[in-house]
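Per our numbering, residue 2 is the first one in the sequence shown, and the count goes up by one each step.
Scroll down for the structure; my scribbles are underneath it.
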Amino acid sequence: MAFAVGELERMNSNAWFGHATKDLIDSMITELDAGREDEVVRSLKDLQAKYQPTYENRARYDELVRETIEQMQKAPATRPVN
Numbered sequence: 002m003a004f005a006v007g008e009l010e011r012m013n014s015n016a017w018f019g020h021a022t023k024d025l026i027d028s029m030i031t032e033l034d035a036g037r038e039d040e041v042v043r044s045l046k047d048l049q050a051k052y053q054p055t056y057e058n059r060a061r062y063d064e065l066v067r068e069t070i071e072q073m074q075k076a077p078a079t080r081p082v083n
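Below, the structure written as structure tokens:
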């Protein structure tokens with residue numbers, strides 16, 4: 002019984018991470034195709050700095066991915082003209 006519960010939890014975690022990662026990849030491709038390389042790189046560097054993997058929990062991965070996607074999709078900051 003414990004084995005079955007463990008396997009179910011493992012499958013659930015795989016699906017959970019898989020969906021978040023697919024959303025991230027889809028958004029990256031969309032934004033890169035739109036010519037927003039700087040926003041993608043900046044967003045991924047921010048995700049890299051915030052993500053701390055752990056075996057104890059899911060490390061807010063879905064929240065961090067959602068924030069990263071939102072950051073990628075924001076309009077670029079208006080830069081002053083020199």
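We treat Cβ as the ideally placed atom computed from N, Cα and C, and that holds for glycine.
Other residues of its chain near residue i: CB distance less than 7 Å, five sequence neighbours each side excluded
i	result
leucine 65	Leu48, Lys51 and Tyr52
Host alpha helix (DSSP H) of residue i (start-end)
i	result
arginine 67	62-74
arginine 1	Because the chain here runs from 2 to 83, residue 1 falls outside it and cannot be looked at.
Beta-carbon separation (whole angstroms), residue i vs residue j, contact threshold 8 Å
i	j	result
leucine 33	threonine 69	Not really, about 14 Å apart at Cβ, beyond 8 Å.
Pairwise C-alpha distance: residue j and residue i
i	j	result
glutamate 40	glutamine 74	8 Å
alanine 16	serine 44	23 Å
lysine 23	isoleucine 30	11 Å
lysine 46	alanine 35	19 Å
aspartate 27	glutamate 38	14 Å
proline 54	glycine 19	15 Å
Short Cβ contact (8 Å threshold) for residue i with residue j
i	j	result
tyrosine 56	alanine 21	no
Own chain, CB closer than 8 Å to residue i, minus 5 neighbours either side, in chain order
i	result
glutamine 72	Glu40, Arg43, Ser44 and Asp47
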